[in-house]
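Colleague: These protein sequence lines are chains A and B, in that order. Note that my numbering gives residue 31 to position 26 of the first sequence, counting from 1, and the numbers run on in steps of one. Note that my numbering gives residue 281 to position 276 of the second sequence, counting from 1, and the numbers run on in steps of one.
2 protein chains.
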Amino acid sequence: MFINGLGLIGASMAKIIKQTDPTVSITACDVNPQNLTLMKAAHVIDQAVDFTQGATNADVIILATPVKSIIKSLNQLAQLKLRPDVLVTDVGSNKTAIVDAAQPLVDRGIHFLGGHPMAGSHLSGSQHSSSQLLAAHTYFLVNVNASQQQISAFKGLIAAGQFNFQSLSAIDHDQLVSLTSHLPHALAFTLINMIDQKINAMGIDPGIPAGGLLDTTRVAKANPTMWASILTSEPQTITDQITDLQQQLEQLKTMIKAGDEQALKQMFTHANQIRNKMEDLT
Amino acid sequence: MFINGLGLIGASMAKIIKQTDPTVSITACDVNPQNLTLMKAAHVIDQAVDFTQGATNADVIILATPVKSIIKSLNQLAQLKLRPDVLVTDVGSNKTAIVDAAQPLVDRGIHFLGGHPMAGSHLSGSQHSSSQLLAAHTYFLVNVNASQQQISAFKGLIAAGQFNFQSLSAIDHDQLVSLTSHLPHALAFTLINMIDQKINAMGIDPGIPAGGLLDTTRVAKANPTMWASILTSEPQTITDQITDLQQQLEQLKTMIKAGDEQALKQMFTHANQIRNKMEDLT
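#1: Evaluate contact between the segment 16-36 of chain B and the segment 262-274 of chain B, counting only Cβ atoms and requiring at least three cross-stretch pairs below 8 angstroms.
#2: When you compare the CB of residue 194/B with every CB in chain A, is at least one pair closer than 7 angstroms?
#3: Using the Cα positions of residue 53/A and residue 41/A, report the straight-line distance between them to the nearest angstrom.
#4: Using the beta-carbon of each residue, which ones in chain A are nearer than 8 angstroms to residue 264/B?
#5: Tell whether a beta-carbon distance below 7 angstroms holds between residue 72/A and residue 174/A.
#6: Could you work out which residues of chain A lie near residue 225/B, taking near to mean beta carbons separated by less than 7 angstroms?
#7: Identify every run of the alpha helix (DSSP H) within the segment 92-167 of chain B, keeping only runs that are complete inside it and at least 4 residues long; order them along the chain.
#8: Taking C-beta pairs closer than 9 angstroms, name the residues in chain B that residue 199/A reaches, listed in chain order.
#9: When the Cα of residue 141/B is compared with those of 112/A, 214/A, 189/A, which residue comes out closest?
#10: Between residue 43/B and residue 74/B, what straight-line distance do the alpha-carbon atoms span, to the nearest angstrom?
#11: If the cut-off is 8 angstroms on Cβ atoms, which residues from the segment 202-222 of chain A count as contacting chain B, listed in chain order?
#12: Which whole-angstrom value describes the C-beta separation of residue 47/A and residue 33/A, a residue pair presumed to lie in contact below a C-beta threshold of 8 angstroms?
#13: With H, G and I counted as helix, E and B as strand and the rest as coil, what does DSSP make of residue 83/A?
#14: Would residue 135/B be called buried (16 or more neighbouring beta carbons within 10 Å of its own) or exposed?
#15: Would you call the segment 207-221 of chain A and the segment 241-255 of chain B touching, i.e. three or more CB-CB distances under 8 angstroms?
#16: With a threshold of 7 angstroms between beta-carbons, can residue 261/B be considered close to chain A, or not?
#17: Which chain B residues are close to residue 233/A, counting only those with a beta carbon under 7 angstroms from its beta carbon?
#18: Please decide whether residue 229/A counts as near chain B, where near means a Cβ-Cβ distance under 7 angstroms.
#19: Please say whether residue 201/B and residue 279/A have beta carbons closer to each other than 7 angstroms?
#20: Indicate the three-state DSSP secondary structure (helix, strand or coil) for residue 65/B in the structure shown.
#21: Can you tell me the Cα-Cα spacing of residue 107/B and residue 114/B, whole angstroms?
#22: At a CB distance below 8 angstroms, what residues from the segment 129-142 of chain B approach chain A? Give them in sequence order.
#23: Does the beta-carbon distance from residue 14/B to residue 63/B come in below 7 angstroms?
#24: Out of curiosity, what's the CA-to-CA distance linking residue 145/A and residue 170/A?
#25: Terminal residues of the continuous alpha helix (DSSP H) containing residue 205/A?
#26: Buried or exposed: which applies to residue 286/B, given that a residue is buried once 16 or more other Cβ atoms fall within 10 Å of its Cβ?
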């Protein structure tokens with residue numbers, strides 16, 4: 006099997022595959038040779054290859070680069086002579102664009118299964134990879150034309166991840182991921198910059214930040230290049246959700262200005278319940 | 006000395022005072038007799054008293070109830086014959102309203118020092134109190150008419166808290182606390198309810214939430230009654246800040262729609278730096 010991209014997620018996937026079955030042979034390609042050297046020395050991959058060599062010989066191809074590169078790789082794959090039984094899958098966060106880009110491959114009868122393991126870190130690079138980073142989290146599957154047998158085999162290949170697999174449509178996936186990941190990131194980046202501007206304007210020492218502020222803004226430590234790419238890769242979904250949030254904040258302001266403590270208490274109690282239910286799932 | 010309100014913060018303050026000097030005698034009053042029984046049994050307070058008895062005999066009065074009760078207590082204190090050397094202080098999150106309410110006392114020559122230890126928890130009640138909850142955090146001081154000697158003596162009384170004391174004006178305090186605490190809470194409550202509504206509308210299983218979402222929304226576990234009271238106690242500051250945030254989100258949408266990855270990357274890089282600096286302070 007072949008992994009294109011040995012960054013944080015690609016290398017973590019490789020570790021999970023080796024943990025599941027150490028006899029599986031993994032070839033890999035990365036723009037950064039250090040990732041390949043590191044993971045080869047750690048016996049996580051068996052061989053560093055170029056993209057064409059890796060792709061044409063593989064029974065499973067995992068595309069584990071940023072979304073825009075995954076789309077380029079899918080275009081490249083459509084030009085190559087792949088094994089007829091190959092399963093092509095990916096780990097990208099944008100499934101509608103990726104499923105669209107997989108169409109030429111699918112038209113040639115190649116099987117494509119969209120995938121997205123739901124975990125990450127503000128760290129990046131194979132040196133921070135770990136089978137534990139993804140383990141026991143949700144793994145979304147957006148199937149295009151893979152057989153049930155291929156899907157089962159793929160789940161078996163990463164069994165050590167003990168994933169919570171969830172199948173859904175590309176559109177629902179993108180809405181959900183935008184809501185639960187992109188929107189919180191957009192908010193955290195915006196909030197932290199606004200707080201900084203206002204404190205500078207006041208010219209005061211804000212002291213040591215409270216734990217609540219640190220928690221709310223932890224994702225603002227995430228990689229700027231990656232997030233600039235994610236948010237612009239599918240602008241409609243995230244900007245529509247930001248508009249929704251602006252409207253909900255408008256309603257909140259109305260309740261606060263009206264001094265409607267009962268309505269606020271009811272809204273916050275509902276939020277309490279939802280948040281506690283979420284935590285119970287982990 | 007006398008503490009009015011033995012909830013999470015009041016009882017934690019009592020524990021810090023006893024830890025600093027076990028010979029200090031603490032009287033306390035609380036609407037919930039269980040808090041008094043618990044803290045007396047734990048030797049955190051020496052005697053449960055009624056408000057008038059506690060206030061009239063004390064050399065230091067700490068008002069540690071919710072903001073609206075602190076304001077009522079200040080009105081009550083203005084009617085009582087207090088010791089002439091008494092220092093009245095509080096732990097409330099809204100300093101302009103509290104300093105205003107202290108004016109009748111100040112007019113009588115009583116010394117008032119506004120205070121606000123910057124830590125908390127989604128838990129409440131004396132049973133969750135701890136000297137560690139507040140320890141080593143920022144303690145804001147908004148002085149009205151206390152002498153330097155009284156301020157030093159008060160700092161000495163709670164020395165075991167190893168606080169990072171910061172003095173500032175009531176207006177700056179309220180702007181800062183609204184920015185760094187009220188706004189993140191308002192956002193977290195709003196975001197979690199919006200996510201819940203959208204997922205219900207999609208009718209899908211969202212799987213196990215990622216760590217980033219859990220962090221961003223942790224403060225939505227906070228006490229609904231307390232937060233409905235906090236946000237309505239000074240509506241102008243928080244609603245102005247929500248309006249600012251809505252405008253900053255509008256700018257973010259413009260950058261995303263324009264596909265301006267460079268501008269986004271620059272903004273996110275700045276957020277990275279600010280967030281990392283904050284963490285370095287803890």
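All C-beta atoms in this analysis are idealised placements derived from N, C-alpha and C, irrespective of residue type, glycine included.
Modeller: Per the coordinate set shown:
#1: Two segments are said to touch when three or more pairs of C-beta atoms, one from each, lie closer than 8 angstroms; by this definition the segment 16-36 of chain B does not touch the segment 262-274 of chain B.
#2: Contact with chain A is found for residue 194/B, since one of that chain's Cβ atoms lies less than 7 angstroms from the residue's Cβ.
#3: Roughly 6 angstroms between the two C-alpha positions.
#4: Per Cβ cutoff of 8 angstroms: 237, 240.
#5: Contact: no.
#6: Contact annotation for residue 225/B against chain A: 276, 277, 280 [CB-CB distance below 7 angstroms, chain order].
#7: Listed in chain order, the complete alpha helix (DSSP H) runs (minimum 4 residues) inside the segment 92-167 of chain B are 100-106, 108-112, 136-139, 153-162.
#8: 184, 188, 246, 249, 250, 253, listed in chain order.
#9: The residue with the shortest Cα to Cα distance from residue 141/B is 214/A.
#10: Computed Cα separation, rounded: 22 angstroms.
#11: For the segment 202-222 of chain A, which is checked against every Cβ of chain B, the residues closer than 8 angstroms are 203, 204, 207, 209, 210, 211, 212, 213, 214, 215, 216, 217, 218, 219, 220, 221, 222.
#12: Not quite, the Cβ-Cβ distance comes to about 12 angstroms (not below 8 angstroms), so this is no contact.
#13: Assigned with DSSP and collapsed to three states, residue 83/A falls in coil, not helix or strand.
#14: Looking at its Cβ environment, which holds fewer than 16 other Cβ atoms inside 10 Å, residue 135/B is exposed.
#15: Output reads no: the segment 241-255 of chain B does not touch the segment 207-221 of chain A.
#16: By this cut-off, residue 261/B is an interface position.
#17: At a beta-carbon threshold of 7 angstroms, the residues of chain B lying near residue 233/A are 266, 269, 270, 273, ordered along the chain.
#18: So yes, residue 229/A belongs to the interface.
#19: Judged by beta-carbon spacing, residue 201/B lies within the 7 angstroms limit of residue 279/A, meaning their Cβ atoms are closer than that value.
#20: Secondary structure of residue 65/B (DSSP, three-state): strand.
#21: Whole-angstrom Cα-Cα distance: 11 angstroms.
#22: Residues of the segment 129-142 of chain B with a Cβ closer than 8 angstroms to any Cβ of chain A, in chain order: 141, 142.
#23: Not in contact: residue 14/B and residue 63/B (Cβ atoms no closer than 7 angstroms).
#24: Using only the alpha carbons, I get a separation of about 6 angstroms.
#25: Note, residue 205/A: alpha helix (DSSP H), 188-207.
#26: Of the residues assessed, residue 286/B falls on the exposed side of the cut-off, its CB having fewer than 16 other CB atoms within 10 angstroms.
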